[in-house]
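In the order they appear, the protein sequences are chains A and B.
Mapping the first sequence onto my numbering, position 72 (from 1) lands on 72, and the numbers just tick up by one.
In my numbering, each number is its position in the second sequence, counted from 1, plus 1000.
Written out below as structure tokens is the structure these notes cover.
2 protein chains.
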Amino acid sequence: MKIALAQLNYHIGNFEDNTKKIIQTIHNQKQNGVDLVVFSELCICGYPPRDFLEYPEFIEICKASADEIAKETKGIACIIGLPMVNPVVEGKDLFNVAFFIEDGEIKQIIKKALLPTYDVFDEYRYFEPAKEFKCVDFKGHKIALTICEDLWNLGDNPLYQICPMDELMKEEPDLMINIAASPFAYNHDEERIFVLSQNSRKYNLPLFYVNHVGAQTELIFDGGSLVFDRAGDLISEFDYFKEEVRVFDIEQVQSAIVLSKESPRQNDTEQVYQALILGIKDYFKKSGFKQAILGLSGGIDSAVVCALACEALGAENVMAVLMPSKYSSDHSIKDAEDLAKNIGCKQTIIPIKDIADAFDETLAKEFTGLAANITEENIQARSRGVLLMAMSNKFGYILLNTSNKSESAVGYGTLYGDMCGAISVIGDCYKTQVYQLAEYINREREIIPINTINKAPSAELRPDQKDSDSLPDYDILDKILFEYIEMKKSSKAIIADGYDEVLVNRIIKLVNKAEFKRYQTPPTLRVSPKAFGMGRRMPIVGKYLT
Amino acid sequence: MKIALAQLNYHIGNFEDNTKKIIQTIHNQKQNGVDLVVFSELCICGYPPRDFLEYPEFIEICKASADEIAKETKGIACIIGLPMVNPVVEGKDLFNVAFFIEDGEIKQIIKKALLPTYDVFDEYRYFEPAKEFKCVDFKGHKIALTICEDLWNLGDNPLYQICPMDELMKEEPDLMINIAASPFAYNHDEERIFVLSQNSRKYNLPLFYVNHVGAQTELIFDGGSLVFDRAGDLISEFDYFKEEVRVFDIEQVQSAIVLSKESPRQNDTEQVYQALILGIKDYFKKSGFKQAILGLSGGIDSAVVCALACEALGAENVMAVLMPSKYSSDHSIKDAEDLAKNIGCKQTIIPIKDIADAFDETLAKEFTGLAANITEENIQARSRGVLLMAMSNKFGYILLNTSNKSESAVGYGTLYGDMCGAISVIGDCYKTQVYQLAEYINREREIIPINTINKAPSAELRPDQKDSDSLPDYDILDKILFEYIEMKKSSKAIIADGYDEVLVNRIIKLVNKAEFKRYQTPPTLRVSPKAFGMGRRMPIVGKYLT
């Protein structure tokens, strides 16, 4: 029996394109002599559909799309994922299901039991968990078909009390198929391979795992679909961040013949780089945009975002705007120009002096007798924001935000100024990770000027300003932030790890006090296990540790 | 037996103040001869604590606060709400519990079973549902003690499969106590009274219901705690939007003596008005701010926000800034000045002409040969945003956003311009509701100039612009929006209700296309059953109905 695993990129709510893509794949694989084509979780509507799931019409269209696909399965079978109405009155209105479709008919419906409701996931907001489990019989095989999280309890996951595979094993299946929508985080691929391999080993069954690929605003699905033999050995690992269909002969996988040799996995920085490229690409493509704009300061953050955008969209589609003020150093302008030259993007210089002066003069009456302070710094940042948005409005460019996670964490940024943008590209990368990305970008030639990498970071909003005037070295800052944000440690525990008490308390206070700013920041491409945005929900008027 | 119901205003994560307030109330009620003081759900940490619940230290402090309170209960009992560690490894890490504390000891722990995970609620993100139920014995009474949602399944709520009161009835309790954190929506008070009354009737028991009061950023808890006799008759309804403690003699309530006559409930507009006042007041108080600033255009939205802010904070703490452009009509300036005079707030005029000119001149090189369009309109709105933020930065004013729900819905607003602000005051009020608020504000005298109320709405960003140039009348627009947003109807269903097909499809498209804007708007005071913000989660790159 031949099985095709289809790792495809879907678009939320774009039923026409998703359905067309699925049907096309079914037709192609039929010509390949394939018996069963497997698509990923909620492939009909894209993942995550969020509150569109609360619109009955949305659910009806999902069903209609499935019916349309079913018609195209004469002589072949497929597995698709979609939301389905819960016929029972009690409980949530929907199930997250897989349809097993064979020869034009929906033969069986498999429901998801373990509903992730943590971090970026809200599945219990919409779905009722499955309570019954049944294998699928197909061409002499008994298939234990599950949906994503349902394989993430091997009887030892403290989150769950049910283990769907334990239930399915009562029917003695001879293979496992899992359809998933598992988003990227730099540490998630190893974890995924480990957990899935453990499933194969525990149940002594081969496993075919199909993941979603493609970015949906914040969430970047990395693909990397997997096949394991019954010993838990990895015998196929799909490309990451790319659409791909591979065909397997089930009998061969069952007898543990290694079908393909895989390339060694990429390191975290390469993965993050690829993820961000896909994140930008899909944000533009799925929103119907082509051209990006960003402010280029000569610093490392905007340089890295510019390089990523040029790789994702083509340098000819990226407009870099230099907006020097009286505090901008000559080297900043030169560094920014060098980058634009190295990379070949469009570039223009719009000095902000006259605008900042106009603000100062207009406000002179109000500010009589008061010294310049952060107000005037913010006016500069906001004047740049207005200029970039004006260019965006006039020419249809989409503004990329260039804030990094370290500054976003401590609130070191100007709301409606440098915090503007349609999407935050490196907002989930700490400053130290931004330097790693810069080095990776320069792996073959100097794209980001060495001077940009080597000089001390500065916002250049007042004379001789340096980030280190008000923040500790990023090496230390990022470690403290990681312990607080990703590891959720208490200040006591972080101090016990050897960091200065006053510093730790100051940093945590800054993080908590900046919630109001982060609330209004653009969506951020998520590459870590704990990104700002939908996966981290904090009170704004809270007083804890502020 | 005397029972005191304490309807108090807590502050998320402010353990010191919350604990102090609870202890003070216990002391006072002890002197009143009260046997049992009942506080609301999660009173120790405030509701909703959101992802602070994922910090183990936060949970430890909750327990320590409870221990501190327990020490103060010599000779008296109390019920408090807090999150507690789930001692079992499987399942979520926490329970949402009520501690029954008596004479210095935590005598019993009651867990919440029905965990709202819809709209603004995320309880299953954190909490494991209770599976066992037990009454509390106290001074010869058997108390069925439940937490909020646990009374919202009378065996007929399609969301839930468990009915906690049915379980508790097996022990034959003689009264019910429910501690809640139930946020305001203009239609929620009647619903609440109906459901709770049905509980009393179904179980033939008196019910003491204590709600949270006070605003926590978006969510406004309205209090309105309730007491019902065993026939389901309402015998006490607490004040709305105010802290209040009332004492009851349980024996008298059981025998259905009406203890107090209540004033007739307020109408929706009055309720919304009170809710917004509390929302502003608590946002400022809990954030440690005193003074507000806003742009006053002469239009109805900023006028209503100004009046609300003056009522909430005192007119002397509100700064209204008039920022006329060359398109501002004389009557706009006069109307804005009249309002400021009527209300007595601070006022200043900062014309934006020089700034808009500076932007135009600076961009002239880039925009050569291109006609003025929405770009220049947005520059005006954004110049105002920068000016207001500059005033905010220099003087410590907090910027109030003045967008209404109708314009927020259709994306009729400028990001980083008029969409700036720390909190959106009327962002959950449709334009037609804003007019109702204006009439209510003028109930005794003309505060909002009649001309502001009577003139056609206009953004005044180009000559003779009117909202009606690009939008239907608000009467129609708001009804279509309500059907789509609050009622989640399909375009077909809305058209079937008698609205123009082209118009309906255009409006829905506008709503869905504006998700990216709403993502970056300030938190919005929630007064409806479906507000933009935490309770409505939509994909940004989705293509459904765009």
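Cβ coordinates follow ideal geometry from the N, Cα and C atoms, glycine included.
Query: Within-8 angstroms CB hit, Ile76 of chain A to chain B; Result: no
Query: Within-8 angstroms CB hit, Val1504 of chain B to chain A; Result: no
Query: Pro539 of chain A at chain B interface by Cβ criterion, 8 angstroms; Result: yes
Query: Limits of the alpha helix (DSSP H) - the one that Pro56 of chain A falls within; Result: 56 to 71
Query: Euclidean distance between Cα positions of Glu1460 of chain B and Phe1184 of chain B; Result: 34 angstroms
Query: Backbone CA spacing between Glu1251 of chain B and Asp1137 of chain B [nearest angstrom]; Result: 16 angstroms
Query: Ile1257 of chain B versus Arg1192 of chain B - alpha carbon distance; Result: Since pLDDT at Ile1257 of chain B reaches only 49, below the 50 mark, its modelled position is unreliable, and no value is offered.
Query: Among B:Gly1214, B:Ser1403, B:Leu1175, B:Asn1373, nearest to Pro1463 of chain B - alpha-carbon criterion; Result: B:Asn1373
Query: Endpoints, beta strand (DSSP E) assigned at Thr524 of chain A; Result: Careful: Thr524 of chain A lies outside any beta strand (DSSP E) and carries neither H nor E.
Query: Stretch pair the segment 442 to 459 of chain A + the segment 331 to 338 of chain A: three plus CB contacts closer than 8 angstroms; Result: yes
Query: Under 7 angstroms (Cβ pairs) to chain B, residues found in the segment 393 to 419 of chain A; Result: Asn393, Lys394, Tyr416
Query: Supposed contact pair Lys513 of chain A and Gly413 of chain A - C-beta distance, whole angstroms, cut 8 angstroms; Result: 13 angstroms between Cβ atoms; not a contact.
Query: Neighbour flag for Gln1433 of chain B against chain A, beta carbons, 8 angstroms; Result: no
Query: Backbone CA spacing between Ile22 of chain A and Val527 of chain A [nearest angstrom]; Result: 28 angstroms
Query: Proximal residues of chain B, C-beta to C-beta of Arg382 of chain A below 7 angstroms; Result: Val1386, Met1389
Query: Closest by C-alpha distance to Phe1099 of chain B, when choosing among B:Asn1178, B:Ala1312, B:Lys1492; Result: B:Asn1178
Query: For Asn505 of chain A, the nearest candidate out of A:Thr521, A:Glu483, A:Tyr519 (CA to CA); Result: A:Glu483
Query: Residue span of the beta strand (DSSP E) that contains Arg1246 of chain B, given as start and end; Result: 1244 to 1249
Query: Proximity of Leu400 of chain A and Val321 of chain A at Cβ, strictly below 8 angstroms; Result: no
Query: Beta-carbon spacing of Gly1214 of chain B, Tyr1240 of chain B below 8 angstroms; Result: no
Query: Residue-level contact to chain B via CB, Leu8 of chain A, 8 angstroms cutoff; Result: no
Query: Same chain only: Cβ atoms within 7 angstroms of Ile1494 of chain B, ignoring 5 sequence neighbours per side; Result: Ile1480, Glu1483, Tyr1484, Val1504
Query: Contact check, Ile101 of chain A vs Ala130 of chain A, beta carbons under 8 angstroms; Result: no
Query: is_contact[Phe1133 of chain B, chain A] using C-beta, thresh 8 angstroms; Result: no
Query: Partners in chain A for Ile1374 of chain B, counting only beta-carbon separations shorter than 8 angstroms; Result: Asn393
Query: Chain A within 8 angstroms of His1011 of chain B, Cβ atoms only; Result: yes
Query: Contact set between Pro87 of chain A and chain B, taken where Cβ atoms lie within less than 9 angstroms; Result: The premise fails here: Pro87 of chain A is roughly 12 angstroms from chain B at the closest Cβ pair, so nothing lies under 9 angstroms.
Query: CB contact below 8 angstroms: Lys1286 of chain B versus chain A; Result: yes
Query: Contact set between Phe52 of chain A and chain B, taken where Cβ atoms lie within less than 8 angstroms; Result: Met1538, Pro1539, Gly1542, Tyr1544
Query: Residues bridged to Glu1149 of chain B [DSSP beta-bridge criterion]; Result: Per DSSP, none; premise fails for Glu1149 of chain B.
Query: Buried/exposed call for Phe551 of chain A, threshold 16 Cβ in 10 Å; Result: Nothing about residue 551 of chain A can be reported from this structure: the residues present for chain A run from 1 to 546 only.
Query: Residues bridged to Gly1223 of chain B [DSSP beta-bridge criterion]; Result: B:Tyr1240
Query: Against chain B: residues of the segment 451 to 467 of chain A by CB proximity under 7 angstroms; Result: none
Query: Ile300 of chain A: first and last residue of the uninterrupted alpha helix (DSSP H) it sits in; Result: 300 to 313
Query: Neighbouring residues, chain A, relative to Gly1091 of chain B (Cβ below 9 angstroms); Result: Pro158, Leu159, Tyr160, Gln161
Query: Closest by C-alpha distance to Lys1466 of chain B, when choosing among B:Ile1476, B:Lys1455, B:Gln1029; Result: B:Lys1455
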